[in-house]
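J.: Pasting a structure below so you can have a look.
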Amino acid sequence: MPQETAADLNQAAADAAIELLQRHAPEEAATAVPYVRKLFEALSDGHAFIWLNDADVAALRQIPGVAGGSGMPLILSGKRLFLGRVWQLERDLAQEIVRLAAAKTEPVDWMQAGQNLAQWFAGANSEGQRDAAALALRQPFILISGGPGTGKTTTVAKLLGLLCSNGGRLPRIALAAPTGKAAAHMARALHHAAGTFGLPDTVRRHLLQLEGQTVHRLLKLRPPQMQPAFHREQPLPLDVLVIDEASMLDLALMLQLLRAVPSGCRVILLGDENQLPSVGAGAVLAELAQETLLNTATAQELSAMLPRHGFKVSGNPPPLSANTARLHFSHRFGDNSGIGCLARAIAAGDAENAWAQFACFPDTLGVREGSLKQQAEAFYEQQAAYWQAVVSGDVEQAFRRQTDTVVLAAWREDAAAFNEAYRRCLHRHGLARADAPWFAGQVVMVSRNDYALDLFNGDIGLILPDPSRPGTLAAYFPAAGGQRTVPLSRLPAHETAFAITVHKSQGSEYGEVWLLPPSAPDGSPHGLNRALLYTAVTRARERFVFWGGRTAFKTACATQENRRSALREMIARETEKQVGTLVQSMPSF
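For the sequence shown, counting from 1, position 465 maps to 465 in the UniProt record's numbering; every step adds exactly one.
Okay, structure coming up:
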């Protein structure tokens, strides 16, 4: 039975909501149904609301039992219309963010912290990292954002070192990410960074014991109800929570996560707001990301520890503008890097300049065109070292070579089409059989969490010979100290993954990235866009190849699809409420 698509599920949800509305409010339903369909269509594209005109507003005000304020199925706010559930999600998330941002944390030894900041961030072009770490010491809730190679993980490693060196007991720390591979990548990067500066041995050992885990695993979300074991009444036993690739978290999962965080636990979000937003509704990272502006009091406190910080000061900064820091200097992709120059031009929306980079950096940037069969044959040649490792039975080498080059696609259907073309290519070269579902060297991606096997959506495995059962194959997955095998009969829902979508590639890095053009005509609203293009480019460490033409590339670069969200506005409202409550609670003289 074919797996239901997100569009199918969205349509089913819309039909169910309309049926319920028609049953309980038949007279109002005639007016409301067209708006409900529009809202679910918008939701499928990640938007929290739709815009209305004056006539729409007037019509909806005639059905106050269905459309109105808090508690209604449809929430009417000015000329914006929300599904009640989505409005509630954004409001509740705003409350949790403001709660955590205002919480009191363990006091910091500013003198010791100032000395460590000076010593640990003494390298060239590390001022931005130093300032971000210092601000994070001051703020219990912070977003540290930046493009590839800007040192987000290095900054967090040193920040955790500062917190662990603050005296008293070592803090309880968790590292989490939306996918297993992103969590594992963060842990590896943090362990490496912990050995690059002068940490005390006890602190270094503490950091080296940290393991990355998915948000689902951290919360102990279990099917079928997917209710977390940790929540507001049973919070996570943590002092510090680091969340990497935060752009991938949608409204619902972010809310579940932050509800489980106790007040006083430091929350550190890492991500890049220029990347693709979450598959689900919302754009939490983009709503939080803004220019760092400190009020006078915060600037004075920070200056006592860090006299020469580079943050701007404002008499009336926007809410939470002192809870975000962006890293700008890329230590991996400088001015002489083709990938870096291309990524920066795409992020700026400068299509002409972005296309010009392919001519400026022919060794690291390429443009090719060809049919699916030609793409598959070219990829086979590119994977020569991988197939040599597979044929020789070298599992470790096969895993290393599998990430040398990856094929990315905008659409799932395009990835599936390439995988089928590549299978035919491998059949022509004698490496796959038409009558067998499995073959040695097949790359698979898990598409459904399996807690019993400790396998999660997005995990990559390789199908290789099983040494314990000659003549049979098994699925191999990365594990601590090597790989582990899973019998093919127990493999959870999965798909072949020589090519994957750009969404699925988030949290990973590859030597070379090939991006296939979407099968839709240029200019399609569901084809390439700036965020998708930027995300694909920034998965590459050494080389990026665009399989398409100038028009498709420039159209994608110029297409910015901003999601509609009221989260930032709701955060401002919750902040005002909090300030009002504090004023009312102050004693009068």
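Beta carbons are placed, not taken as given, at the ideal position from N, Cα and C, and that holds for glycine.
What is the DSSP secondary structure of Met72, counted as helix, strand or coil?
T.: Within the sequence shown, residue 72 is the residue found at index 72, counting from 1. Of the three classes helix, strand and coil, the one that applies to Met72 here is coil, per DSSP.
J.: Pick out whichever of Glu273, Val279, Ala281 has its Cα sitting closest to the Cα of Leu288.
T.: Along the sequence shown, read from residue 1 onward, the residue named residue 288 stands at position 288. Among Glu273, Val279, Ala281, the Cα nearest to that of Leu288 belongs to Glu273.
J.: By the three-class DSSP mapping on this structure, what secondary structure does Trp547 have?
T.: Working through the sequence shown from its first residue, we reach residue 547 at position 547. If DSSP states are grouped into helix, strand and coil, Trp547 belongs with the strands.
J.: Quick one: using the 10 Å Cβ neighbour count with 16 as the cut-off for buried, is Ala348 buried or exposed?
T.: Locating residue 348 in the sequence shown gives position 348, counting from the first residue. That one is exposed.
J.: Given 8 Å as the limit, is there contact between the stretch 235-248 and the stretch 158-176, that is, 3 or more CB pairs closer than that?
T.: Because the criterion of three Cβ pairs below 8 Å is met, the stretch 235-248 and the stretch 158-176 touch.
J.: For the alpha helix (DSSP H) containing Met254, list its first residue and its last residue.
T.: Along the sequence shown, one-based indexing puts residue 254 at 254. From DSSP, the alpha helix (DSSP H) with Met254 extends over 251-259.
J.: Spatial neighbours of Ala133 within its chain, please: CB distance less than 6 Å, with the 5 preceding and 5 following residues excluded, ordered by chain position.
T.: Taking the sequence shown and counting its residues from 1, the one referred to as residue 133 is at position 133. The answer, listed in chain order, is Thr155, Lys158, Leu159.
J.: Please state if the CB of Ser321 and the CB of Gln290 are separated by a distance shorter than 7 Å.
T.: Here residue 290 corresponds to residue number 290 of the sequence shown, with the count starting at 1. Here residue 321 corresponds to residue number 321 of the sequence shown, with the count starting at 1. Yes.
J.: Is it true that the CB of Met305 sits closer than 7 Å to the CB of Ala118?
T.: Within the sequence shown, numbered from 1, the residue matching residue 118 stands at position 118. Within the sequence shown, numbered from 1, the residue matching residue 305 stands at position 305. No.
J.: Go through its chain and collect everything with a Cβ distance to Ile500's Cβ below 8 Å, but skip five positions before and after it.
T.: Taking the first residue of the sequence shown as 1, we reach residue 500 at position 500. Counting only Cβ-Cβ distances below 8 Å, and skipping sequence neighbours, we find Val406, Val407, Leu408, Ala409, Ala415, Met445.
J.: Quick test of your reading: Pro492 and Leu455, contact by CB under 8 Å. State the CB separation rounded to the nearest angstrom.
T.: Translated into the one-based positions of the sequence shown, residue 492 becomes position 492. Translated into the one-based positions of the sequence shown, residue 455 becomes position 455. Their Cβ separation, rounded to whole angstroms, is 6 Å, which keeps Pro492 and Leu455 in contact under 8 Å.
J.: With respect to the alpha helix (DSSP H) encompassing Phe379, which residues constitute its N-terminal and C-terminal limits?
T.: In the sequence shown, the residue the question calls residue 379 occupies position 379. That run of the alpha helix (DSSP H) goes 372-382.
J.: Between which two residues does the alpha helix (DSSP H) harbouring Gly78 extend?
T.: Residue 78 sits at position 78 when you count from the first residue of the sequence shown. Run containing Gly78: none; DSSP gives neither H nor E here.
J.: Out of curiosity, what's the CA-to-CA distance linking Arg232 and Pro262?
T.: Residue 232 sits at position 232 when you count from the first residue of the sequence shown. Residue 262 sits at position 262 when you count from the first residue of the sequence shown. Going from the Cα of Arg232 to the Cα of Pro262 covers about 8 Å.
J.: Comparing alpha-carbon positions, which option in Gly68, Arg266, Phe546 lies nearest Leu516?
T.: Sequence index remark: in the sequence shown, residue 516 carries index 516 (1-based). Per the Cα distances, Phe546.
J.: Tell me the DSSP secondary structure of Met445 in three-state form.
T.: Working through the sequence shown from its first residue, we reach residue 445 at position 445. In the structure shown, Met445 sits in a strand (DSSP, three-state: E or B).
J.: Taking all protein chains shown into account, decide if Ser247 is buried (16 or more other Cβ within 10 angstroms of its Cβ) or exposed.
T.: Residue 247 sits at position 247 when you count from the first residue of the sequence shown. Buried.
J.: Can you tell me where the beta strand (DSSP E) holding Gln357 begins and where it ends?
T.: Indexing the sequence shown from 1 puts residue 357 at position 357. It is not in any beta strand (DSSP E) - Gln357 instead sits in the alpha helix (DSSP H) that spans 351-360.
J.: Return the first residue and the last residue of the alpha helix (DSSP H) that Gln112 is part of.
T.: One-based indexing of the sequence shown puts residue 112 at position 112. Its alpha helix (DSSP H) spans residues 110-120.
J.: Out of Ser468, Ala177, Asp201, state which residue places its alpha-carbon closest to the alpha-carbon of Glu211.
T.: Taking the first residue of the sequence shown as position 1, residue 211 is located at position 211. Of Ser468, Ala177, Asp201, the residue nearest in Cα terms is Ala177.
J.: Per the DSSP calculation, Leu455 is bridged to which residue(s)?
T.: Against the sequence shown, residue 455 aligns to sequence position 455. According to DSSP, Leu455 bridges with Asp450.
J.: What span of residues does the beta strand (DSSP E) with Gln483 cover, start to end?
T.: If you number the sequence shown from 1, residue 483 lands on position 483. Per DSSP, Gln483 belongs to the beta strand (DSSP E) from 482-487.
J.: Would you mind stating whether Tyr380 and Cys425 have Cβ atoms separated by less than 7 Å?
T.: Position 380 of the sequence shown, counted from the start, is the residue given in the question as residue 380. Position 425 of the sequence shown, counted from the start, is the residue given in the question as residue 425. Yes, Cβ-Cβ distance for Tyr380 and Cys425 is below 7 Å.
J.: For my contact list, Phe49 and Ala13 are in at a C-beta cut-off of 8 Å; report their separation, rounded to the angstrom.
T.: Here the question's residue 49 lines up with position 49 in the sequence shown. Here the question's residue 13 lines up with position 13 in the sequence shown. Rounded, the Cβ-Cβ distance is 17 Å, inconsistent with contact.
J.: Could you tell me the distance, in whole angstroms, from the CA atom of Leu100 to the CA atom of Leu365?
T.: Reading the sequence shown from its first residue, position 100 is the one you call residue 100. Reading the sequence shown from its first residue, position 365 is the one you call residue 365. Those two C-alpha atoms are separated by around 43 Å.
J.: Between Ser145, Leu163, Met72, which has its C-alpha nearest Thr105's C-alpha?
T.: By one-based count along the sequence shown, residue 105 stands at place 105. Cα-wise, what sits closest to Thr105 is Leu163.
J.: Following the continuous beta strand (DSSP E) through Ser145, name the residue where it begins and the one where it ends.
T.: The sequence position of residue 145 within the sequence shown is 145, counting from 1. It spans 141-146 - the beta strand (DSSP E) in which Ser145 sits, taken as one unbroken run.
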